[in-house]
DNA sequence: GTCTATAGTTGGATAGAC
DNA sequence: GTCTATCCAACTATAGAC
């Protein structure tokens, strides 16, 4: 707010680079030395901006939580008919910007390590809430599974799996297509339940 | 084959316990000391049976590979119509016994660490081959995605996600149901392509 | 086949100069 | 705000006694 850059540029660069390395090599597989080297600063410099390794991750997680919160806030104020379920999936896909996708991929690939990190409890809550908004707790098991798979489909698309080298937008479109088919199996138009 | 237990009982117990701990805490998050302690032996004793930490994992991976190879071998000798694609999914589900599920979960949750472990190349090859058997390389993107999601669905079911506490068999049945719907979207009966 | 002891690294984190 | 230097803990792995 006052003189220098807000929260220093280095601080943000650390977060960005750390998340990249965490995703590539895993959280425990990435040392602060590596992060520092990639940024061409020293370990101690990193420690100036973040008190612990976990705090670096925490910053990135909070940004992703904010993005999910926007989707949740929207979903809570509408009636959850078929069309709005589809819209929720679209908004989820849109909310996953580049850094959030990186985080999602990181979380999926580092679950055991992350189980003990408090920074991620909030994130998990949000994902759980999205699932429950998409499929009521008393919905048939198959429907709940399909809704989970729908969001996974979006993630899969964004990650553009290693072996298929294809146009990113094309894959994203396909992923969205599949996801939409999963949350609304038939061709229901939007007023099937009047409960 | 000769006097003692074949390959010693301890060797197998190490593998079992190691895989459990790797899954719970991650590969790098688990030390050989912990493995040894859980088995009430010493670190050096573990090193007697396995030369490296990676080798412990390697043993478990090979078992899982064998299971997948059986499915692949079957799939290669049949014509891949709709009914056989469904059957492939069923066989994949059946091939995932308790230990293999543990391994699958482990692999999914530790991808960055495992990228550098040679033990897993073979495993990844098999999974890729299963995908290609299920959906031809020139199939529409959405179909390829659906087939991937089908196998993921089986995994999700087996892992009986944390928040839903339900009957295991019921979840497995639902997962299989969803998976079957994904590999054969409509109600196709089995001879749609004569290529 | 299992132990003790220890070598040799590397990690996260801190103190204090500049 | 960034550095050098360093502490301490933990890890993988080995050597050699029993």
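Chains as they are written, first to last, in this note's numbering: chain X, 515 to 709; chain H, 515 to 709. Here a beta-carbon is modelled for each residue, glycine too, at the ideal position from N, C-alpha and C.
Specify, as a first and last residue, the run of the alpha helix (DSSP H) that residue i falls within.
i                      : result
residue 557 of chain H : 557-563
residue 580 of chain H : 567-590
residue 624 of chain X : Here residue 624 of chain X belongs to no alpha helix (DSSP H), and DSSP marks it neither H nor E.
residue 636 of chain X : 635-648
residue 603 of chain X : 596-609
residue 551 of chain X : 546-553
Quick check: the Cα distance between residue i and residue j, rounded to an integer number of angstroms?
i                      : j                      : result
residue 613 of chain H : residue 522 of chain H : 19 Å
residue 652 of chain X : residue 658 of chain X : 9 Å
residue 697 of chain H : residue 669 of chain H : 15 Å
residue 680 of chain H : residue 603 of chain H : 22 Å
residue 662 of chain X : residue 689 of chain H : 11 Å
residue 589 of chain X : residue 533 of chain H : 40 Å
residue 639 of chain H : residue 576 of chain H : 12 Å
residue 540 of chain X : residue 645 of chain H : 26 Å
residue 537 of chain H : residue 552 of chain H : 15 Å
residue 615 of chain X : residue 693 of chain X : 16 Å
residue 683 of chain X : residue 610 of chain X : 14 Å
residue 695 of chain H : residue 565 of chain H : 45 Å
residue 545 of chain X : residue 535 of chain H : 22 Å
residue 549 of chain X : residue 531 of chain X : 7 Å
residue 529 of chain H : residue 578 of chain X : 37 Å
residue 554 of chain H : residue 649 of chain X : 46 Å
residue 632 of chain H : residue 568 of chain H : 9 Å
residue 620 of chain X : residue 571 of chain X : 10 Å
residue 654 of chain H : residue 594 of chain H : 16 Å
residue 627 of chain X : residue 637 of chain X : 15 Å
residue 623 of chain X : residue 592 of chain H : 35 Å
residue 557 of chain X : residue 573 of chain X : 18 Å
residue 699 of chain H : residue 664 of chain X : 15 Å
residue 643 of chain X : residue 666 of chain X : 15 Å
residue 526 of chain H : residue 606 of chain X : 45 Å
For residue i, which of helix, strand or coil comes out of DSSP?
i                      : result
residue 705 of chain H : Note on residue 705 of chain H: pLDDT 49, under 50, position unreliable in the model; the coordinate value appears next. Coil.
residue 537 of chain H : helix
residue 670 of chain H : helix
residue 532 of chain H : helix
residue 681 of chain X : coil
residue 593 of chain H : coil
residue 628 of chain H : helix
residue 698 of chain H : coil
residue 652 of chain X : coil
residue 515 of chain X : In this predicted model, residue 515 of chain X has a pLDDT of only 40, less than 50, meaning its place in the structure is not dependable; the value taken from the coordinates is given anyway. Residue state, collapsed to three classes: coil.
residue 542 of chain X : coil
residue 523 of chain H : helix
### Query
Going along the chain, which residues of the stretch 645-667 of chain X sit with their C-beta nearer than 7 Å to a C-beta in chain H?
655, 656, 659, 660, 662, 663, 666, 667
#### Entry: Residues within the stretch 528-543 of chain X neighbouring chain H, beta-carbon criterion of under 9 Å
536, 537, 538, 539, 540, 541, 542, 543
### Query
Between the stretch 686-703 of chain X and chain H, which residues of the former have CB atoms less than 7 Å from a CB of the latter, in chain order?
688, 689, 691, 692
### Message
Using a Cβ-Cβ cutoff of 8 Å, what residues of the stretch 589-603 of chain X are near chain H? List them in chain order.
### Response
none
### Message
Against chain H, which members of the stretch 549-561 of chain X pass a CB distance test of less than 9 Å?
### Response
none
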